[in-house]
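> Numbering (my numbering), first residue to last: 160 to 323.
Think of the CB as a built atom: it goes at the ideal place given N, C-alpha and C, for glycine as much as any other residue.
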Amino acid sequence: MNDLLSDTSFWTFVGLIIFFGVIIALGVPKVLVKALDDRANTIREELDEARRLREEAQELMATYERKQVEATAEAEAIIRQAKTEADCLRQNAKTEIAQRIERRTALAEQRIAQAEIRAAKDIKALAADMAVDAAEQLLSEKLSKTRRNALINADIAALKDRLK
């Protein structure tokens, strides 16, 4: 045993056992276990929070994907409606242009007809004036003054009879 008491390994071993004894007596393992448990709980809570946040993110992503699909569908509907309206406006414009052309053609034809009538009246009036001038010239050259006065008096009398 003397050998044992002089051996440094023995005293190192005894010191180690005393050290562990003091550590156990002071409650260090409980503190370590408590610290580890607290750390484990913190990690567990962080994992739960991360899981919850992940689920929320997935829900938000699904919501935004639905909104994107709805927005795409709405945009396509707007485009279809715009094309339909454009086709309708184009058709209305064609119809309106055709009606304007018809109205202007009719107006032009009416003006042409009026111009023809006016030209015919002007020609008749000119012809009548020329005939009167020619008759006057002929009568003044071929009829004597007494004969002309007699014809005028006869025409005045016939006119008076007609007016009564």
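When you compare only the Cα positions, how much space is there between E261 and A274?
20 Å
> Could you give the DSSP three-state label for D166: helix, strand or coil?
coil
> Give the secondary structure of G174 by DSSP, where H, G and I count as helix, E and B as strand, and everything else as coil.
helix
> Taking the Cβ atom as the reference point for each residue, do F169 and L163 lie within a distance shorter than 8 Å?
yes
> In angstroms, rounded to a whole number, what distance separates the CA positions of T222 and E229?
10 Å
> Considering only residues of the same chain and omitting the five flanking positions on each side of A279, which have a CB-CB separation below 6 Å?
Once the five neighbours on either side are set aside, A279 has no close Cβ partner at all.
> Grouping DSSP H, G and I as helix and E and B as strand, with all else coil, what is A180?
Reading off the sequence, residue 180 comes out as Gly, not Ala. Note: G180 maps to helix in three-state DSSP.
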